[in-house]
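Engineer:
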Amino acid sequence: MVPAALSEAIATDRASGKIPVAVVGTCGTTNTGSVDPLDALADICEAENLWFHVDGAYGGSVVLSDRAEVARGIERADSIVWDGHKWLYQIYGCALVLVKDVRTLLAAYSAGGEYLQDVAGLGQDPEWWDMGPELTRPARGPPLWLTLQVAGTKAMREMVSKSIRIAERFEQLVRESSFLEVVTPASLAIVTFSVKADNPEEAARRNLALSEYLRVNNIAGIFSTELEGRNVLLLCTISPDEYVEDFNVLMRQVEDTAKTLGF
Numbered sequence: 062m063v064p065a066a067l068s069e070a071i072a073t074d075r076a077s078g079k080i081p082v083a084v085v086g087t088c089g090t091t092n093t094g095s096v097d098p099l100d101a102l103a104d105i106c107e108a109e110n111l112w113f114h115v116d117g118a119y120g121g122s123v124v125l126s127d128r129a130e131v132a133r134g135i136e137r138a139d140s141i142v143w144d145g146h147k148w149l150y151q152i153y154g155c156a157l158v159l160v161k162d163v164r165t166l167l168a169a170y171s172a173g174g175e176y177l178q179d180v181a182g183l184g185q186d187p188e189w190w191d192m193g194p195e196l197t198r199p200a201r202g203p204p205l206w207l208t209l210q211v212a213g214t215k216a217m218r219e220m221v222s223k224s225i226r227i228a229e230r231f232e233q234l235v236r237e238s239s240f241l242e243v244v245t246p247a248s249l250a251i252v253t254f255s256v257k258a259d260n261p262e263e264a265a266r267r268n269l270a271l272s273e274y275l276r277v278n279n280i281a282g283i284f285s286t287e288l289e290g291r292n293v294l295l296l297c298t299i300s301p302d303e304y305v306e307d308f309n310v311l312m313r314q315v316e317d318t319a320k321t322l323g324f
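So the sequence shown is numbered by the numbering used here: it starts at 62 and just counts up by one.
(1) Check for me: the beta strand (DSSP E) holding W112 runs from which residue to which?
(2) Given a cut-off of 8 Å, decide if L99 and G326 are closer than it, judged by their beta-carbon atoms.
(3) Any contact between the segment 146–157 and the segment 95–115? By contact I mean 3 or more CB pairs, one from each, below 8 Å.
(4) With DSSP run on the structure shown, which of helix, strand or coil describes R291?
(5) Determine the direct distance from the alpha carbon of A118 to that of P204, and round the result to whole angstroms.
(6) Measuring alpha carbon to alpha carbon, tell me which of L294, M62, M220 ends up nearest P301.
(7) Leaving out five residues before and five after M217 in sequence, what residues of the same chain have Cβ atoms less than 6 Å from its Cβ?
(8) Below 8 Å on the Cβ atoms is my guess for I283 versus L294; work out the distance and round it to an integer in Å.
(9) Buried or exposed: R313, going by 16 or more other Cβ atoms within 10 Å of its Cβ?
(10) By Cβ distance, which residues of its chain are closer than 6 Å to A103, with the 5 residues on each side in sequence left out?
(11) Which stretch, first to last residue, makes up the alpha helix (DSSP H) that contains V277?
(12) By Cβ distance, which residues of its chain are closer than 7 Å to S68, with the 5 residues on each side in sequence left out?
(13) When burial is assigned at 16 or more other CB atoms within 10 Å of the CB, is W190 buried or exposed?
(14) Mind checking who K240 pairs with in its DSSP beta bridge?
(15) Return the residue from the list A281, D317, E316 that minimises the CA-CA distance to E303.
(16) Taking 8 Å as the threshold (C-beta atoms), are T253 and T73 in contact?
(17) Pull up the CB-CB distance for F308 and L196, whole angstroms please, since I reckon it's below 8 Å.
(18) Please name the residue, chosen from A258, E262, L249, V315, that lies closest to T91 on a Cα-to-Cα basis.
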């Protein structure tokens, strides 16, 4: 997001009689791992009295790493969404919403109900069911709590930091390759690249063929995506069991696959 464009959009809306209420910044897109200038967006939200929400579903975990500076400004958000099942190594369904003031959740979701009168106030205050749309929910928090208790902050920091460095190493290997090219540089453990070709259509065909061969032959899960209408390959290195050596081997396997496919 371009801060100047945001300011212009807010001014345009106000001039037309509309009332802007919120800005959503992104900390780590799923396609490229890119991060909005969160600090600058927070400045605008404060000046314009707008709610500042940050989508950190994928990339929020960077705050645990030695690259936390790229997320500078996220601490100024009014609310943050953060998926534990992505970069915190949890099972599906574990996600977090963090807010500066819990009263905002109560104002949005607390509905009461006569059928709750006998249990209201028996648990913690406020009750969990008053802080979200679900009245009854599975215990999603304990697995993450247990992971943090067993691994600790230091180990989590090392795992997240390592995965970022691995993606940067793979980017370097792609740049050294004679048949691959980097599309977007490594960012928050994501790098996108493409097989070189004379035209976009042929590049897309080669990308899909390479991805399919790697998957079918149980070599790697490198899948395709679209960036501004262009087919590219995406590598995400967030597994805690990955090491740099694995990706040196992977690149050799990718090169062998390219030769097999006639690229």
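Using N, Cα and C, we set each Cβ at its ideal position, and we do this for glycine too.
Structural biologist: This is what the structure gives:
(1) Where W112 is concerned, the enclosing beta strand (DSSP E) stretches over 112–116.
(2) Residue 326 lies beyond the range of the chain shown here (62 to 324); nothing can be said about it.
(3) Not touching, per the Cβ criterion.
(4) R291: strand per DSSP, three-state reduction.
(5) Cα to Cα, the separation comes out at about 18 Å.
(6) Shortest Cα-Cα distance from P301 to any of L294, M62, M220 involves M220.
(7) So the qualifying residues of the chain are L125.
(8) With 8 Å as the limit, I283 and L294 qualify as a contact, their Cβ atoms being about 5 Å apart.
(9) Under this definition R313 is an exposed residue.
(10) Same-chain partners within the cutoff: F113, G134, R137.
(11) Start and end: 261–277.
(12) Once the five neighbours on either side are set aside, the close Cβ partners of S68 are I105.
(13) With 16 or more Cβ atoms within 10 Å of its Cβ, W190 is classed as buried.
(14) Reading off the sequence shown, one finds Phe at residue 240, where the question assumed Lys. Answer is none; F240 lacks a bridge partner.
(15) Per the Cα distances, A281.
(16) Result no, Cβ atoms of T73 and T253 do not sit closer than 8 Å.
(17) 46 Å between Cβ atoms; not a contact.
(18) A check of alpha carbon separations from T91 across A258, E262, L249, V315 identifies L249 as the nearest.
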